[in-house]
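**Student:** One structure is given below, represented as structure tokens, and several questions about it will come after.
Number of protein chains: 4
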Amino acid sequence: MNKTSKFHPEPLYDVSNLGHVELNTPDLAASVRFFTEVYGLDLVTTQGDSAYLRAWGDHDLTSLKLTQARQAGAAHIGWRVMSPQALERRVAALKAYGVEGKWIDGDVGHGAAYSFIAPSGHRMEVYYEAEKYVPAADKKPYLPNQPQKFSGRGVAAARIDHINILTQDVVKTREFADQTMGFKLREHLIPGGQGEEVGAWMSLMNKAHDLAITKEPSPTASGRLHHLAYAVENREDVLRAADIFMENDVHIEFGPAKHSRTQGFFLYVYEPGGNRIEVFSGGIHIFTPDWEPVTWGTEVKGRSTAWGLGVPESFHKYATPDVQVPEATPAAKAAAMAALSE
Amino acid sequence: MNKTSKFHPEPLYDVSNLGHVELNTPDLAASVRFFTEVYGLDLVTTQGDSAYLRAWGDHDLTSLKLTQARQAGAAHIGWRVMSPQALERRVAALKAYGVEGKWIDGDVGHGAAYSFIAPSGHRMEVYYEAEKYVPAADKKPYLPNQPQKFSGRGVAAARIDHINILTQDVVKTREFADQTMGFKLREHLIPGGQGEEVGAWMSLMNKAHDLAITKEPSPTASGRLHHLAYAVENREDVLRAADIFMENDVHIEFGPAKHSRTQGFFLYVYEPGGNRIEVFSGGIHIFTPDWEPVTWGTEVKGRSTAWGLGVPESFHKYATPDVQVPEATPAAKAAAMAALSE
Amino acid sequence: MNKTSKFHPEPLYDVSNLGHVELNTPDLAASVRFFTEVYGLDLVTTQGDSAYLRAWGDHDLTSLKLTQARQAGAAHIGWRVMSPQALERRVAALKAYGVEGKWIDGDVGHGAAYSFIAPSGHRMEVYYEAEKYVPAADKKPYLPNQPQKFSGRGVAAARIDHINILTQDVVKTREFADQTMGFKLREHLIPGGQGEEVGAWMSLMNKAHDLAITKEPSPTASGRLHHLAYAVENREDVLRAADIFMENDVHIEFGPAKHSRTQGFFLYVYEPGGNRIEVFSGGIHIFTPDWEPVTWGTEVKGRSTAWGLGVPESFHKYATPDVQVPEATPAAKAAAMAALSE
Amino acid sequence: MNKTSKFHPEPLYDVSNLGHVELNTPDLAASVRFFTEVYGLDLVTTQGDSAYLRAWGDHDLTSLKLTQARQAGAAHIGWRVMSPQALERRVAALKAYGVEGKWIDGDVGHGAAYSFIAPSGHRMEVYYEAEKYVPAADKKPYLPNQPQKFSGRGVAAARIDHINILTQDVVKTREFADQTMGFKLREHLIPGGQGEEVGAWMSLMNKAHDLAITKEPSPTASGRLHHLAYAVENREDVLRAADIFMENDVHIEFGPAKHSRTQGFFLYVYEPGGNRIEVFSGGIHIFTPDWEPVTWGTEVKGRSTAWGLGVPESFHKYATPDVQVPEATPAAKAAAMAALSE
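Residue numbers (this note's numbering), protein chains in the order written: chain U, 215 to 556; chain S, 215 to 556; chain Y, 215 to 556; chain F, 215 to 556.
Here it is, written out as structure tokens:
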């Protein structure tokens, strides 16, 4: 029996992948410049107050929408499903859960979507119809099994990979993701002698995670973004990215190093709008049908990262939109720190 | 609609992964020595004329069974399914297809399996129950989300990845794999001006391929193995493997280089028993639900590999068990060469 | 005693490094485009029929001069010396050897140089005064121990590394290089049962080679270029370069793979003017004062490259300027092939 | 003119390389086990209370002597010179400087050496005669331009690279190294608004450093070792080393990350005897004859490492032999921290 879900009799594969994310930014021009010139995405089009971008390895037309707003943050998160039937089933499951969603007509790059607010306060949507990217002549790849010519510009982020959201109630949010969309719990963090689960890493198919859910450090905030990650193919690409960020005066917050959870090789920076962006490579592969979620406690030899690198305090406290995070009690602080060290 | 199958109304995820392969070898002792000391697997146990091995990153107890035999080749290929229900469904589909299989009690590392001969002549089995590897104290990994301590011995092959079989009829074999087990066609090769499909690359979930099916160069042979591949995590690991093979007098046939199909970074050697073994890294990732199979023709700028490296003739002709492959007609030869250049 | 020279009582360190090379090209515009946009050099300036370029890691202002000419080839090779006194000594040694040189005033990037024709027919020069590169504000590196900001453009070739010239008489040419300039013989190739030395690899200080000298395949040609190489820092950069060449329709002749001689990780392409250009990484390091030249014969397990990759015939025959190379006798052919497989 | 020395009219190349280091250890057996099984060196022989080891890429017989002692630390540091004449010249220079040395007969792996105590309190020796390593049959490399078969065991440290010593007076120590042995100053650190030089990086030929000299944090200690480093060829080897240290419960103090000074990619651990040991890769290459020493101040955008990773306090305070380092004044502390962040 598949051990990762109590909600489904068999593993559920109705949701396919993280399709796109909309990030708010108080400085759209600077954010677009960062994502295109330094991070290496392509600008697909602009419309109203938004710019649509894509990575060279994204299958669909666009994976990132940047929108001018008062504050940074994740405006919405788009999960693509497997088929029209899967979309119907997921909408039914959301309604059965009690979620009050609405259908929207779509946006640049995708069709009708069912938009809803998750218990964590994040706006999400599920959709099936999406526009496949068709390269113009100068973007045509040499190898036809790749959507677009490799540009090699800047970090050359290859494809959208995962998102990390904050929530007041990790268990509730991950059970929601499992029950309504079929996210599989791969690992979670329950600091020893405390009992509260403060982090959960979930994936849809073979990856270590498509969705990370960690404890919100502010007692009142809701719907905040911890980080959005694009993947690159090799660890060397992450090291190269660090040099490129360094040369372009981009603030490196954390990494390159190796996570304990997911074992991903990571590098976190802030884009000019303030959102935390990751360059990610690797991570464990989950091929077995009976993966048992790994439960981590802080007692695991005291290491927050695989090789012992400490987690900077900002990584525990800062998220978008930015709010004043009150000084935590020592116990709460330890829990939050453990939770966010992924 | 999912474009990759005409046999299923929706993508089918009943088969989970390549669970294990049994290779025949005329020199069991030498093969075991190669796979443990050079390739870096661990010997799990021996029983009768067989040795059972595992890679440090394999979830299940064993992924490779080596059996003393008169000739090299793949004795059987084990596909693990998602659940007991999925097993029932797949057996029903096999029977509906007309396959005459039989239930076997299991083997070291797995339980009851439905064993059958595929139209390509290969013995395969589907099974659900498998024994999870539990490390002894000295094999316990530092990070609990990994089955076993990383040994770093030799090539340190990380996990079983894919198998390439030969068949007289590529289309029939891939349609069988799709219809009965839900393999998804990702890429295929139909040399221009010829019309015969000579290669197909199929996967179960996000990988570029779990099963490669290429045209048998011998007009009469059946059930032959082209190669078995284990994965490593980075391209540097493949380059390092080349040095280790070189220092240990292992015959390197092809690579390291990058395939056009799958884009995998590859290295092929012969183990002492004669079977072709690959060290594989990377490959395209398929996250989209509407992947359209890529059709390759030899006219694609004439390159059999991504960077132009030519394919050695042995790669087109040699397989296990070894048979005399008659000199092909020039036309057939061109087709076979294109087919096998993956 | 230092074993590498019979000409000097002690190791001689008067010549410092390969300072610059002038390449002729029949299509200056296309060559400049290749070297800047694909290979990743910067254009420093143009003057007359020449363009001056530099790599981001070159200490001096310019390391490559491209000159419009009827035929491709190496117009001259500039060796920088250690000091004004070293320059005097080297000029004296050249004159003592019988070389008829002349002083020239200098060129963009360097001062007075003593220009001469080596016995191999190549125009060379030795010089001390050179202009150090001073980056403009937008090229200023983050780390001040690096000459210029890392651009990451294209292949991002990091610095000029070595040159491979062809000669009718390898022994004579390498003894000249040793006797007059202090090049140290590191490795040479004398195919078994033949006795003729057909390749020599020489370096100035710690590198595997700054100068490679191999047997000219044409019985009459003189002063030809086999290839010019720039270095990158890691093998991954060479693999990345292969993708970039592939996407930009640059003809890849050979590699990526690992040489036996020098152990360098290599990749050879043709620039649009026809010259063979290498992307090089690694290579053995020579720190010991008593390195004994390694003598290679073809019998070394028959491998021309470390991992067994065969050498393409063009690598044996093609050089710039291009001449018709007559069909060699089988014996001569074998020797030439062995010689050029480096 | 060569800008790196006021003591020599021309660049001096009499000292060739760091030949060997003797480390004291209070637990010889554990240290030997670490250096062989984890770090990947080979045990050459034992004699008395000492064990002699070598890396697979070392040219000479042995590069590390481990000696049972009450306290960890560097017992002596051996610099190999270029020739017998160079040895005479260096001994003369040492005597002219006022150093009181003595000739010793030699040790396993090398002949007569002139042993002396540097102004920093470290015992050093210069020597020319050394025993070249000759591999037994099972250690014979496939490629004859390499001293020994690549084992791939553990970290597989490739060759001795550099040493970092502590001194009360950085300027005095580096001027001594330059004046008597010809070490070239490549970079030094003089924290802004303070004036005291607290770090100097010096090399013999093309490397970023063979000798690092940093400020002793204890006001009274003398002759202490900060770290000894062996090199590996690629950054991936350093990342791999981190996994191997992790799996073998070796304390990782710092890294993997990239230094600002030298730009080396580093990883520091403690061997069981307590000495800090580095795995090092890369570093800038110095080919130009007129390198001007780079002067660093702490004001360089506040980064102690290239990508912003903070330096752990132990890296500033801990050295061998271990002494109680008194709490520094804030100003002295800042200086020491800057100095040691390399």
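All C-beta atoms, glycine included, are put in the ideal place defined by N, C-alpha and C. Please read these numbers as outputs of a predicted model, since none were measured by experiment.
Less than 8 Å between the CB atoms is what I'm expecting for E461(F) and Y347(S), so what's the real figure, rounded?
**Tutor:** At roughly 16 Å, the Cβ-Cβ gap does not stay under 8 Å, so E461(F) and Y347(S) are not in contact.
**Student:** Give me whichever residues DSSP pairs with L481(U) in a beta bridge.
**Tutor:** According to DSSP, L481(U) bridges with V493(U).
**Student:** List, in order along the chain, the chain F residues whose C-beta lies closer than 9 Å to that of A520(U)?
**Tutor:** A456, D457, M460
**Student:** Shortest alpha-carbon distance to P507(U) belongs to which of R388(U), E302(U), G271(U)?
**Tutor:** Closest in alpha carbon position to P507(U), among R388(U), E302(U), G271(U), is R388(U).
**Student:** Taking the runs of the alpha helix (DSSP H) that are 4 residues or longer, which of them lie wholly in the stretch 217-282 of chain S?
**Tutor:** The stretch 217-282 of chain S is shown to contain whole alpha helix (DSSP H) runs of 4 or more residues at 242-247, in chain order.
**Student:** Name the chain F residues whose beta carbon is nearer than 8 Å to that of Y484(S)?
**Tutor:** Those do not exist, as Y484(S) stays about 17 Å from chain F at its closest Cβ, beyond 8 Å.
**Student:** Which partner residues of L403(S) appear in the DSSP bridge assignment?
**Tutor:** Within the DSSP secondary-structure output, L403(S) pairs in a beta bridge with G413(S), W510(S).
**Student:** Run down chain F in chain order and give the residues with a C-beta less than 7 Å from the C-beta of E450(S).
**Tutor:** N448, E450
**Student:** Between which two residues does the beta strand (DSSP E) containing R284(U) stretch?
**Tutor:** Counting along the chain, R284(U) falls outside any beta strand (DSSP E), and DSSP gives it neither H nor E.
**Student:** Under the rule that 16 or more other beta-carbon atoms within 10 Å means buried, what is G409(U), buried or exposed?
**Tutor:** exposed
**Student:** For a contact meaning CB atoms closer than 9 Å, what does L308(F) contact in chain U?
**Tutor:** Chain U residues near L308(F): none, gap ~41 Å exceeds 9 Å.
**Student:** Assuming M416(F) and F390(F) make a contact with CB atoms under 8 Å, what is their CB distance in whole Å?
**Tutor:** That pair is no contact at about 11 Å.
**Student:** Give a yes or no on whether the minimum CB-CB distance between G496(F) and chain S is below 8 Å.
**Tutor:** Chain S, which has no Cβ nearer than 8 Å to the Cβ of G496(F), makes this no.
**Student:** Could you work out which residue in P405(Y), I404(Y), K421(Y), I427(Y) is closest to A414(Y) when comparing CA atoms only?
**Tutor:** I427(Y)
**Student:** Less than 8 Å separating the beta-carbons of D375(U) and A289(U)?
**Tutor:** no
**Student:** Which chain U residues are close to I491(F), counting only those with a beta carbon under 7 Å from its beta carbon?
**Tutor:** Those within 7 Å of I491(F) in chain U number zero; the least Cβ separation is about 15 Å.
**Student:** Please go through the same chain and pick out, in chain order, the residues whose beta-carbon is closer than 7 Å to the beta-carbon of R303(F), but skip the five residues on each side of it.
**Tutor:** D228
**Student:** Rounded to whole angstroms, what is the Cα-Cα separation between F588(S) and F479(S)?
**Tutor:** A question about residue 588(S) goes unanswered here, because the residues of chain S that appear run from 215 up to 556.
**Student:** Would you kindly work out how many angstroms separate the C-alpha atoms of V452(F) and P470(F), rounded to a whole number?
**Tutor:** 7 Å
**Student:** Output needed for T519(U): all residues of its chain with C-beta closer than 8 Å, excluding positions within five of it in sequence on either side, in chain order.
**Tutor:** Contacts found: A471, K472, H473, S474, V525, S555.
**Student:** Spell out the partners DSSP gives L425(F) in its beta bridges.
**Tutor:** I377(F), M416(F)
**Student:** Comparing the C-beta of I331(S) with each C-beta of chain Y, is any distance below 8 Å?
**Tutor:** no
**Student:** For T239(F), which residues in the same chain have their Cβ closer than 6 Å to its Cβ, ignoring the five residues on either side in sequence?
**Tutor:** S245, L280, A286, G487
**Student:** Does the stretch 249-257 of chain Y touch the stretch 362-373 of chain Y, meaning 3 or more C-beta pairs lie closer than 8 Å?
**Tutor:** The answer is yes - the stretch 249-257 of chain Y touches the stretch 362-373 of chain Y, with three or more Cβ pairs under 8 Å.
**Student:** Is it buried or exposed, A422(F), if we count other Cβ atoms within 10 angstroms and call 16 or more buried?
**Tutor:** buried
**Student:** Do M419(U) and M419(S) have their CB atoms nearer than 8 Å?
**Tutor:** yes
**Student:** Output the boundary residues of the alpha helix (DSSP H) element that contains K309(Y).
**Tutor:** 298-311
**Student:** Using CA coordinates, which residue listed in F221(S), N231(S), W270(S), L237(S) is at the minimum distance from P535(S)?
**Tutor:** L237(S)
**Student:** Using a Cβ-Cβ cut-off of 6 Å (strictly less than) and excluding sequence neighbours within five positions of H222(U), which residues of its own chain qualify?
**Tutor:** So no residue of the chain qualifies.
**Student:** Can you give me the C-alpha to C-alpha distance between S528(F) and Y484(F), rounded to a whole angstrom?
**Tutor:** 11 Å
**Student:** Suppose contacts are defined by Cβ-Cβ distances below 8 Å. Is Q477(F) in contact with N359(Y) by that definition?
**Tutor:** yes
**Student:** Taking DSSP's pairing of strands, which residues face E339(U) in a bridge?
**Tutor:** Looking at the DSSP output, E339(U) shares a beta bridge with G292(U), S329(U).
**Student:** For H465(S), collect the residues of the same chain with a Cβ closer than 7 Å to its Cβ; drop the 5 residues on either side in sequence, then sort them by chain order.
**Tutor:** V483, Y484
**Student:** Let me know if D392(F) comes out buried or exposed under the rule of 16 or more other beta-carbons within 10 Å of its beta-carbon.
**Tutor:** buried
**Student:** Kindly give me the distance between the Cβ atoms of H530(S) and P431(S), rounded to whole angstroms, as I take these residues to be in contact under 8 Å.
**Tutor:** 6 Å
**Student:** Return the chain-ordered list of same chain residues with a C-beta closer than 7 Å to the C-beta of N378(Y), the five sequence neighbours on each side being excluded.
**Tutor:** Excluding sequence neighbours, N378(Y) sits near A426, T428, H440, H441.
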